[in-house]
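First up is the structure itself, then whatever we jot down about it.
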Amino acid sequence: MKREEFVPLVWAFVYFFCLLCGYSILRPVRDEMAIEGGLKHLPWMMTATFLTMLAATPLFGWLSARCSRYRLLLIVYAFFIVNLLAFYALMMSHLYPEWVARSFFVWLSVMNLFIVSVFWSFMADLFTPEQGARLFGVIAAGGSSGALVGPLITTGLTFIVSVPVLMLASMLFLTLCLGCVYRLDRWGREQSAHHQSRPGDPLRGSFLAGIRLTMSSPYLLGICGYLAFLTMTATFLYLEQTRLVSEYLDQPEARTRLFSSLDFTTGLLTWLTQMFVTTRVISRFGLVAPLLFLPVISLIGFLGIALWPTLGVYVVFSVLRRVGEYALSKPAREVLFTVVSREEKYKAKNFIDTAISRGGDASTGWLVTGVRALGAT
Numbered sequence: 027m028k029r030e031e032f033v034p035l036v037w038a039f040v041y042f043f044c045l046l047c048g049y050s051i052l053r054p055v056r057d058e059m060a061i062e063g064g065l066k067h068l069p070w071m072m073t074a075t076f077l078t079m080l081a082a083t084p085l086f087g088w089l090s091a092r093c094s095r096y097r098l099l100l101i102v103y104a105f106f107i108v109n110l111l112a113f114y115a116l117m118m119s120h121l122y123p124e125w126v127a128r129s130f131f132v133w134l135s136v137m138n139l140f141i142v143s144v145f146w147s148f149m150a151d152l153f154t155p156e157q158g159a160r161l162f163g164v165i166a167a168g169g170s171s172g173a174l175v176g177p178l179i180t181t182g183l184t185f186i187v188s189v190p191v192l193m194l195a196s197m198l199f200l201t202l203c204l205g206c207v208y209r210l211d212r213w214g215r216e217q218s219a220h221h222q223s224r225p226g227d228p229l230r231g232s233f234l235a236g237i238r239l240t241m242s243s244p245y246l247l248g249i250c251g252y253l254a255f256l257t258m259t260a261t262f263l264y265l266e267q268t269r270l271v272s273e274y275l276d277q278p279e280a281r282t283r284l285f286s287s288l289d290f291t292t293g294l295l296t297w298l299t300q301m302f303v304t305t306r307v308i309s310r311f312g313l314v315a316p317l318l319f320l321p322v323i324s325l326i327g328f329l330g331i332a333l334w335p336t337l338g339v340y341v342v343f344s345v346l347r348r349v350g351e352y353a354l355s356k357p358a359r360e361v362l363f364t365v366v367s368r369e370e371k372y373k374a375k376n377f378i379d380t381a382i383s384r385g386g387d388a389s390t391g392w393l394v395t396g397v398r399a400l401g402a403t
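Counting from 1, position 56 in the sequence shown corresponds to residue 82 in this note's numbering; the numbering is continuous, with no gaps.
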C-alpha cells in the first residue's frame, strides 16, 4: 500500500463495514421470513424479486444519467433507509404478517444487491486496476468485518428487543455510510487524473444503457455467464438448506439464531481469508485462481450432498461456499470492472449484479419446484 492510499483505504474499509453490518443484522430475519412467508411461496418471492430488479434497472439508469456520483449514492441509500423505517412501522402494527414477511424478503433481496453493487461500482471508479488488485482484498475485509459483527448484534438484540427494532439498528449503519461516501467522493475529485472522465459527473446516456452495454460486450457477457452459474447453484443450496432448517426447528427465534450463527461463522472465516489469503492469491496467481475456486468447491460440495444429504452437510457446504464467494470470487470479480468505462461500471455492472443475479434465483426456484412436483428429491 502506498502512503497516499492509506486515507481512502480506511474510509472504504469503514464504508463497507457499515454497509454489510447493516445488511447482516437483517439477513437472519430475511431467512426466517422466507419460512414464515411459506416455503411453497419461495419461487414466487424470488420471481417478484427478479421482476422488481428488472423494473429498478432502467430507473437506476435514468438516475445515473442525471445525477452526480455523490447525489446518486445519496439517493440510493436514503431510499433504503426510509424503507427500513416503513418496515419497522409495518412490523410493529402486526397487520398482515405473512404479506409483510414476503414483502420484506423481496425488499431485502433487492436492497442487498443494489447497495453492494453501487459500492463496488464506486470503488472501481475511484481506484485504478493496479490499485484494485492490491487494495480490493483489504476493502472486502472491511465488509467481512461488518458481516461478522452484524449477526452478533442480531443474536444479542433478539434476547432483549423485538425483531422490528433490528430495522432501526440497520438504519444507523446505513446512515453512517453517507459520511464515508462524502469523504471518498471528495478524495476522488482530488485525484481526477485517475479517472477516464471528469470525476463525479452524471453519466448521461439512455436509461436502458446498462442492458445495451451488457448485451453488446462479449467481455461483460462472459461475466454474466459466470455469475449466472454461481447464482443458480447458490440458490439451489439455499432452498434445500431452508427446507431442512424448517423441518428440524419449529421455533422462529431458534431458526433466526441458527441463521445468525451460520452468518457469524461465515463472516469470521471470510475475514481471516481476506486478511491473510486473498491479496496474496490475486497478486501471485492473478484473477484466474480465485475465480475458479468457487466452481471447483461447488462441484465437490454437490458431490458430498449427493452422497450424504443431511442438514450438517448442507450447512458446512453453505458456509465454505459463501466464504469462497466473499473472500475470493467477489474481490476478483470486482477487479474485472476496473478496466471498463465509467458508464459500464455503473449501468452495466448494476444490471449484471442485480437483474442477472436475481434472474438466476427465480429460474432455479421454479426448476426446483418442478423437480419436486415430479417426485424427485
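We treat Cβ as the ideally placed atom computed from N, Cα and C, and that holds for glycine.
With contacts defined as CB atoms closer than 8 Å, residue 257 and residue 386 qualify as a contacting pair. Per DSSP, residue 193 is one residue of the alpha helix (DSSP H) stretching across 191 to 216. By the CB criterion at 8 Å, residue 142 and residue 79 fall outside the cutoff. Between residue 103 and residue 203 the beta-carbon gap is near 6 Å, inside 8 Å, which marks them as a contact. Rounded to the nearest whole angstrom, the C-alpha separation of residue 372 and residue 274 is 42 Å.
Residue 312 sits exposed, since fewer than 16 C-beta atoms from the chains shown fall within 10 Å of its C-beta.
Out of 178, 163, 345, 35, the CA that lies nearest to the CA of residue 264 is found in 345.
Taking a cut-off of 8 Å for Cβ pairs, the region 328 to 338 and the region 190 to 204 do not touch, as fewer than three such pairs fall below it. Under a 10 Å Cβ-count criterion, residue 169 is classified as buried, with 16 or more other Cβ atoms of the shown protein chains found around its own Cβ. Residue state for residue 135 is assigned as helix, using DSSP reduced to three classes.
The beta carbon of residue 42 sits closer than 8 Å to the beta carbons of 145, 165, 166, 168, 169, 172 from its chain, once the five residues preceding and following it are set aside; these are given in chain order. Sixteen is the threshold: when 16 or more other Cβ atoms of the shown chains lie within 10 Å of the Cβ of residue 369, as they do, the residue is buried.
Take residue 350, set aside five residues on each side of it, and the residues of its chain with a beta-carbon closer than 6 Å to its own are 319, 320, 323, in chain order. Residue 177 is not a Cβ neighbour of residue 57, given a cutoff of 8 Å.
DSSP places residue 289 inside the alpha helix (DSSP H), whose first and last residues are 278 to 299. Taking the C-beta atoms as reference points, residue 316 is found no nearer than 8 Å to residue 260.
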